[in-house]
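K.L.:
In mature numbering (1 follows the signal peptide of the UniProt record, and there is no 0), the protein residues as written are -29 to -1, 1 to 388.
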């Protein structure tokens, strides 16, 4: 059975990231906003000088790694997933929120304070704690000169420094909401790009087919972008690569089919000689072998695809949804393929009957002026009836091909939607 994967399932990943992002930042109870909020530009500078942008990114990475260990079925590829969250981008998104909870006066005091030697030492300890834990930061702190430790303690106990800590706590709820929205939009955008690339592949192959291109090397070699959600990326990659292999197989099949010269089998001049009839029978036999070989190759291709999908770690409900989608769409495709195969078998069988009829009347059928001349009206009627049936089967095969093309065009439209 020729099977085809569902492309509809790729659309369901548009909301990934929201639940993950909500766990990336610590939660605190929100407090009242300040009366004289800091400027966004000042807050961005505070972020950069304090290392808060890097701290946020570190906590995000750490929480993802924890989630990956506890929930492998929804694991993220940390570097890929968080590629959007650069320190500058974090500051850009968080600064407008923090500005409402950090007064202008304190922001302007923090900027020079964080650039002092003690301010920089304090930031260094903060980054060490974020990267390696509190014990590592304590160890570094303990090795510092006594005077530096006193000054760092005084700096971190100051009202100016605490204003930043308060802003961090009070902005927490809004920050978490912002990250949910931000990461969700990023994942949506990436998923749309993945679907677009798959649509491009399908569209390109339909165009090549319309041009009767048999060049297997011309199949798109574009790499599929990743969104950073492991199950989705593996599933999308399997889908994309299987479609690409199928495209090569289609072209190979089309090339082999064209070399069979099936169009010459029923040419009138070939039906009145033993050599022409033998060549026709050999062409039909070769066609049956080609169709059989490619049917098996397609079946193997989709069996490998199913095996790959089943080996991808994913939530049971997600796997159930995916397989249900695949089964529904495969049923549609299988119906088309079965009808096409039946028509093709009937067509080849009719051509065999015509060859057998002409062989049994060899020497009794004359080829003249591009036409066959039969000795009796009965023979002419038999021949014309078989030819009419051949034309009908060929027309039905063409109609099934158009139906399949419309279905594939619908897939492209849905993937781009």
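All residues carry an ideal CB built from backbone N, CA and C; glycine is no exception.
For residue 389, which residues in the same chain have their Cβ closer than 6 Å to its Cβ, ignoring the five residues on either side in sequence?
P.N.:
Limits of the chain in this structure are -29 at one end and 388 at the other, which puts residue 389 out of reach.
K.L.:
Please report how far the alpha carbon of residue 381 lies from the alpha carbon of residue 334, in whole angstroms.
P.N.:
So the alpha carbons of these two residues sit roughly 53 Å apart.
K.L.:
Since residue 253 is in the alpha helix (DSSP H), which residue starts that stretch and which ends it?
P.N.:
Residue 253 -> alpha helix (DSSP H) spans 245 to 281.
K.L.:
Can you give me the Cβ contacts of residue 174 inside the same chain, cut-off strictly under 7 Å, excluding the 5 residues immediately before and after it?
P.N.:
Contacts found: 383.
K.L.:
What residue range does the alpha helix (DSSP H) around residue 61 cover?
P.N.:
Unbroken alpha helix (DSSP H) run through residue 61: 58 to 69.
K.L.:
From 61, 51 and 35, pick the residue whose C-alpha is nearest to that of residue 18; which is it?
P.N.:
Of the candidates 61, 51 and 35, the one whose C-alpha sits nearest the C-alpha of residue 18 is 61.
K.L.:
I need the straight-line Cα distance from residue 378 to residue 26, nearest angstrom please.
P.N.:
Residue 378 and residue 26: Cα-Cα distance of roughly 50 Å.
K.L.:
Suppose the cutoff is 8 Å on Cβ atoms and the five residues either side in sequence are ignored; what does the same chain contact list for residue 248 look like?
P.N.:
Counting only Cβ-Cβ distances below 8 Å, and skipping sequence neighbours, we find 241, 242, 326, 329, 330 and 333.
K.L.:
To the nearest angstrom, how far is it from the Cα of residue 376 to the Cα of residue 320?
P.N.:
Approximately 26 Å between the Cα atoms of the pair.
K.L.:
Assign residue 260 to buried or exposed, taking buried as 16 or more other Cβ atoms, counted over all protein chains shown, within 10 Å of its Cβ.
P.N.:
Exposed is the call here.
K.L.:
Taking all protein chains shown into account, decide if residue 339 is buried (16 or more other Cβ within 10 angstroms of its Cβ) or exposed.
P.N.:
Residue 339 is exposed by the Cβ-count criterion.
K.L.:
Return the residue from the list 358, 197, 266 and 291 that minimises the CA-CA distance to residue 54.
P.N.:
The shortest C-alpha separation from residue 54 is found at 197.
K.L.:
Can you tell me where the beta strand (DSSP E) with residue 404 in it begins and where it stops?
P.N.:
Given that the chain is displayed from residue -29 to residue 388, the structure contains no residue 404 and the question cannot be resolved.
K.L.:
Answer yes if the segment 194 to 213 comes into contact with the segment 39 to 52, meaning at least three C-beta pairs across the two stretches below 8 Å, and no otherwise.
P.N.:
Result yes; three or more Cβ-Cβ pairs closer than 8 Å.
K.L.:
Evaluate contact between the segment 356 to 372 and the segment 139 to 158, counting only Cβ atoms and requiring at least three cross-stretch pairs below 8 Å.
P.N.:
They do not touch, by the three-pair rule.
K.L.:
Starting from residue 338, follow its DSSP beta bridges and name the residues at the other end.
P.N.:
For residue 338, which the question treats as bridged, DSSP gives the partners 343.
K.L.:
Just the C-alpha distance for residue 32 and residue 220, rounded to the nearest angstrom, thanks.
P.N.:
The alpha-carbon atoms of residue 32 and residue 220 are separated by roughly 42 Å.
K.L.:
By a C-beta neighbour count over all protein chains shown, 10 Å radius and 16 as the cutoff for buried, is residue 278 buried or exposed?
P.N.:
With fewer than 16 other Cβ atoms within 10 Å, it is exposed.
K.L.:
Label residue 370 either buried or exposed according to how many other C-beta atoms from any shown protein chain fall within 10 Å of its C-beta, with 16 as the threshold for buried.
P.N.:
Classification of residue 370: exposed, given that the 10 Å Cβ count is below 16.
K.L.:
Can you tell me whether residue 1 is buried or exposed? The criterion is at least 16 other CB atoms within 10 Å of its CB, across all chains shown.
P.N.:
Here the model assigns residue 1 a pLDDT of 46, short of 50, so the residue's position is not dependable, and the following value carries that caveat. It is exposed - the Cβ of residue 1 has fewer than 16 other Cβ atoms within 10 Å.
K.L.:
Where does residue 344 land, buried or exposed, given buried means 16+ other C-beta within 10 angstroms?
P.N.:
Burial call: exposed.
K.L.:
Is the separation between the beta-carbon of residue 75 and that of residue 9 shorter than 8 Å?
P.N.:
The answer is yes: Cβ separation under 8 Å.
K.L.:
Measure how close the beta-carbons of residue 142 and residue 72 come, nearest whole angstrom, since I'm counting them as under 8 Å.
P.N.:
Confirmed, Cβ separation roughly 5 Å.
K.L.:
Which residues mark the beginning and the end of the alpha helix (DSSP H) in which residue 207 is found?
P.N.:
Residue 207 -> alpha helix (DSSP H) spans 201 to 230.
K.L.:
Over the uninterrupted alpha helix (DSSP H) stretch that includes residue 114, give me the two end residues.
P.N.:
Note, residue 114: premise wrong, no alpha helix (DSSP H); not H, not E.
K.L.:
Using the Cα positions of residue 281 and residue 107, report the straight-line distance between them to the nearest angstrom.
P.N.:
Near 43 Å, if we compare the C-alpha coordinates of residue 107 and residue 281.
K.L.:
Can you tell me whether residue 74 is helix, strand or coil according to DSSP?
P.N.:
Three-state result, residue 74: strand.
K.L.:
To the nearest angstrom, report how far apart residue 168 and residue 205 are at their CA atoms.
P.N.:
Taking the straight line joining both Cα atoms gives about 15 Å.
K.L.:
Any idea what DSSP makes of residue 8, helix, strand or coil?
P.N.:
Note: residue 8 maps to strand in three-state DSSP.
K.L.:
Could you tell me whether the Cβ atoms of residue 63 and residue 49 are closer together than 8 Å?
P.N.:
No, the Cβ-Cβ distance between residue 63 and residue 49 is not below 8 Å.
K.L.:
Where residue 264 and residue 297 are concerned, what is the direct C-alpha to C-alpha distance, given to the nearest angstrom?
P.N.:
Going by the C-alpha atoms only, they are around 24 Å apart.
K.L.:
Would you mind working out which of 275, 258 and 313 sits nearest residue 367, comparing C-alpha positions?
P.N.:
Closest option to residue 367, Cα to Cα, is 313.
K.L.:
With distances taken from CA atoms, which of 132, 159 and 179 is nearest residue 20?
P.N.:
If we check each option's Cα against that of residue 20, 132 comes out closest.
K.L.:
Residues bridged to residue 47 by DSSP?
P.N.:
Answer is 200, bridged to residue 47.
K.L.:
Classify residue 22 as helix, strand or coil using the three-state DSSP reduction.
P.N.:
Note: residue 22 maps to coil in three-state DSSP.
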